[in-house]
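If you count the sequence shown from 1, position 223 lands on 923 in this note's numbering, and the numbers rise without skipping. For reference, the structure is listed below as structure tokens.
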Amino acid sequence: MPSRVPPYPLFDADNHLYETEDALTRYLPKQYASAIQYVQVKGRTKIAIRGQISDYIPNPTFEVVARPGAWEDYFREGNPEGKSHRELFGEPMRSIPAFREPAPRLALMDDLGIQQTLMFPTLASLVEERMRDDPELIHVVVHALNQWLHETWQFNYKNRIFTTPVISLPILDKAIAELEWCLERGARAILVRPAPVPGYGGSRSFALPEFDPFWKRVEEAGVLVAMHSSDSGYSRYSSDWEGKAQEMTPFQAQVFRMMSEWRPVTDAVASWVCHGALFRFPELKVSVIENGSSWLLPLLDQLASTYKKQPKGFLGDPVEEVRNRIHISPFWEEDMAALSEVVGVERVLFGSDYPHPEGLADPVSYIDAIQGMQQADQAKIMGGNLARLIGV
701 MPSRVPPYPL FDADNHLYET EDALTRYLPK QYASAIQYVQ VKGRTKIAIR GQISDYIPNP
761 TFEVVARPGA WEDYFREGNP EGKSHRELFG EPMRSIPAFR EPAPRLALMD DLGIQQTLMF
821 PTLASLVEER MRDDPELIHV VVHALNQWLH ETWQFNYKNR IFTTPVISLP ILDKAIAELE
881 WCLERGARAI LVRPAPVPGY GGSRSFALPE FDPFWKRVEE AGVLVAMHSS DSGYSRYSSD
941 WEGKAQEMTP FQAQVFRMMS EWRPVTDAVA SWVCHGALFR FPELKVSVIE NGSSWLLPLL
1001 DQLASTYKKQ PKGFLGDPVE EVRNRIHISP FWEEDMAALS EVVGVERVLF GSDYPHPEGL
1061 ADPVSYIDAI QGMQQADQAK IMGGNLARLI GV
């Protein structure tokens, strides 16, 4: 039974599945078989991308995982004792069927009191950055993953679990074809990395006119664009300061890299207005998931200053466009009322990050962060806003 039963339905903007070991390889064409391999290193299974072992996710098989909400005290109280990440994780657990399959997940959602959810993959977040110099390979691997996601989870499971297929944009025609493939199979939301788009001639913004045909089709389809926290490639900028090349390793304590933790989402949202796509597609629905909201006010201040100095550099007021168009799923420990005053309560989305250790063990407890708000506003944040965006 859920820990409490609110007087409104809950639509969680941020749930995760744990992929099986063949999620990236089951549908990978044979000529690309060597691109992704699982290897043994000192008795532990690691994933190797084109022969390069990655530590981005410590256990890419997800047979053993951290317990949901293991880091709640860390985010609530900090870490005054200076515990290591391993100590903060606590005792791990073996994955359960509800982390791997939709039917048992529905039963777990009933137990947790969640009526509907967006379901994001986990391992998928390492793909694009580690293949950034091979756009063709990115599209092949992304499609293989989406085939697995659809076969295993579907993109709309009983109108309650809405799994988000990944869309990568390096080659425009392939991105549009992938989008169409996903739409034909019922996708209501798509996962787009908050990062520059890699390409043969170098990277560039996803919001440049080059990608307008893709965004036009997204707008026509009415699907939600979910920009979920990922490996956006910013570790190479930190490496410039630290004098060593190192991939993003989110589960290792690296204080200098933590200082720029929200730089990718800041740049991604800035790109939407500086490069104009948000203005050119007024019906496009964009959400920022698992990036918190602490980046928002500094970004709005900088946009306001830039707009004041160079108004003709924008297609409209960038501050108002961000405030009126970007939907944000803040962390539970942030000030939801203050965020609602900035962007409007209609653009705040409840997201628990379940079952990740950074999330909430009891997703319904997110209500504690908004208990001082009016019930009608609580209902919007806890599910009404996302239901409207998804169209259910």
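For glycine and all other residues, C-beta sits at the position ideal for the given N, C-alpha and C.
Proximal residues to residue i (C-beta, below 6 Å), its chain only, five neighbours per side dropped
i: residue 906; result: 869, 897
i: residue 1078; result: 1070
i: residue 1027; result: 987, 1047, 1049
i: residue 1016; result: 979
i: residue 805; result: 798
i: residue 829; result: 931, 933
i: residue 770; result: 789, 790, 1057
i: residue 753; result: 746
i: residue 765; result: 795
Any non-hydrogen atom of the ligand SAH within 7 Å of residue i CB
i: residue 1075; result: Only the bare structure without any ligand can be found here, which leaves the ligand SAH out of the picture.
Where residue i falls: helix, strand or coil (DSSP)
i: residue 846; result: helix
i: residue 960; result: coil
i: residue 985; result: strand
i: residue 975; result: coil
i: residue 954; result: coil
i: residue 1053; result: coil
i: residue 994; result: coil
i: residue 1042; result: helix
i: residue 714; result: strand
i: residue 857; result: strand
i: residue 897; result: strand
Same chain, Cβ closer than 7 Å to residue i, five either side skipped, listed in chain order
i: residue 835; result: 870, 871, 898, 899, 900
i: residue 719; result: 762, 821, 822, 823
i: residue 903; result: 896, 897
i: residue 995; result: 962, 965, 966
i: residue 983; result: 919
i: residue 1090; result: 862, 888, 889, 924
i: residue 908; result: 975
i: residue 803; result: none
Same chain only: Cβ atoms within 8 Å of residue i, ignoring 5 sequence neighbours per side
i: residue 768; result: 1054, 1055, 1056, 1057, 1059, 1060, 1061
i: residue 846; result: 865, 866, 878, 881, 882
i: residue 886; result: 854, 855, 856
i: residue 841; result: 724, 728, 732, 735, 736, 827, 831
Anticipated Cβ contact below 8 Å, residue i with residue j, distance rounded
i: residue 1136; j: residue 933; result: Absent from the structure is residue 1136, since the part of the chain shown begins at 701 and ends at 1092.
i: residue 819; j: residue 861; result: 5 Å
i: residue 723; j: residue 848; result: 5 Å
i: residue 989; j: residue 939; result: So it is not a contact: roughly 26 Å between Cβ atoms.
i: residue 874; j: residue 839; result: 4 Å
i: residue 978; j: residue 1025; result: 6 Å
i: residue 844; j: residue 727; result: 4 Å
i: residue 973; j: residue 1003; result: 7 Å
i: residue 712; j: residue 817; result: 4 Å
C-alpha gap between residue i and residue j, whole angstroms
i: residue 964; j: residue 895; result: 6 Å
i: residue 1083; j: residue 1067; result: 11 Å
i: residue 725; j: residue 851; result: 13 Å
i: residue 992; j: residue 740; result: 35 Å
i: residue 1081; j: residue 1087; result: 10 Å
i: residue 737; j: residue 795; result: 21 Å
i: residue 744; j: residue 759; result: 8 Å
i: residue 856; j: residue 892; result: 18 Å
i: residue 985; j: residue 935; result: 29 Å
i: residue 1034; j: residue 731; result: 47 Å
i: residue 774; j: residue 780; result: 9 Å
i: residue 998; j: residue 1037; result: 18 Å
i: residue 755; j: residue 749; result: 11 Å
i: residue 981; j: residue 915; result: 7 Å
i: residue 1074; j: residue 709; result: 16 Å
i: residue 1076; j: residue 751; result: 53 Å
i: residue 807; j: residue 793; result: 19 Å
i: residue 1007; j: residue 926; result: 26 Å
i: residue 772; j: residue 911; result: 39 Å
When you compare the region 809–817 with the region 703–713, are there three or more beta-carbon pairs, one atom per stretch, that lie closer than 8 Å? yes
Would you be able to state if there are at least three C-beta pairs under 8 Å between the region 997–1015 and the region 1044–1051? no
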